[in-house]
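Scroll down for the structure; my scribbles are underneath it.
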Amino acid sequence: MEKLLVINELDQLKAISDPFRLQLLSMMAKEPKTGQMLADELNLPRAKIHYHLNQLLTHNIIALAHTVEKNSIIQKFYRPAAETIVPSINIFNLNAKNSVSSSESYSIKLTNDQFTKLTSKLDELSVRKSEKKETATADEYAVYMMKIMKEA
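Spelled out as structure tokens, the structure:
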């Protein structure tokens, strides 16, 4: 077992963020356990336990400790992959891998004329909306504003 596992991927963070999975991890931290052992302790269906174990296993948060053959059945004992599991400080930094701006973020640069036209159109939309003459959604406003910006 490793001393430290640093979570660098959002999928790993999502997998370990579930409170039930954290409970399973803490139960396996004392000693390796099978899915059936966990199901018996929690009085839950084995299928539910195995679903969560598979999620943890897929994201390398738990590992197979050992197997035991009992009555022609192979029992798999799982344990946490590390003694301590922590998220990376950079896990939410979408641009950490390269200095190129990510497709998830952007900035709009406007000329003074474009800015004046934009604020004027936004003011018009605000007035029409307050007078209940306009029922557009935020997405429709965004598309409308992008068309205006393209024309400017």
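Sequential numbering from 32 applies to the sequence shown in this note's numbering.
The C-beta atom is built at its ideal place from N, Cα and C for all residues, glycine as well.
Bear in mind the structure is a predicted one, so any value in this text is a computation, not a measurement.
Given 8 Å as the limit, is there contact between the segment 89-105 and the segment 54-69, that is, 3 or more CB pairs closer than that? yes
Do residue 87 and residue 55 count as a contact pair if the criterion is CB distance below 9 Å? yes
Checking 9 Å against the spacing of the C-beta atoms, do residue 112 and residue 92 come in under that value? yes
Residues near residue 51 by beta carbon distance below 7 Å, same chain, minus five either side: 83
Where residue 130 falls, given that 16 or more other Cβ within 10 Å makes a residue buried: Any reading at residue 130 is ruled out, since the residue's pLDDT is 45, under 50, leaving its predicted position unreliable.
Taking the beta strand (DSSP E) that residue 51 falls in, what are its first and last residues? Segment 50-61 is the alpha helix (DSSP H) holding residue 51; no beta strand (DSSP E) there.
Would you report the Cα separation of residue 100 and residue 69, rounded to the nearest angstrom? 18 Å
Where residue 75 sits in the DSSP three-state scheme: coil
Leaving out five residues before and five after residue 46 in sequence, what residues of the same chain have Cβ atoms less than 8 Å from its Cβ? 52, 86, 87, 89, 90, 92
Do residue 38 and residue 105 have their C-beta atoms within less than 9 Å of each other? Taking 9 Å as the Cβ cut-off, residue 38 and residue 105 do not qualify as a contacting pair.
Which term fits residue 36, buried or exposed, when burial requires 16 or more other beta carbons within 10 angstroms of its beta carbon? buried
C-alpha gap between residue 148 and residue 142, whole angstroms: 10 Å
Pick from 158, 71, 123, 60: whose alpha carbon is nearest that of residue 114? 60
Can you give me the C-alpha to C-alpha distance between residue 41 and residue 110, rounded to a whole angstrom? 22 Å
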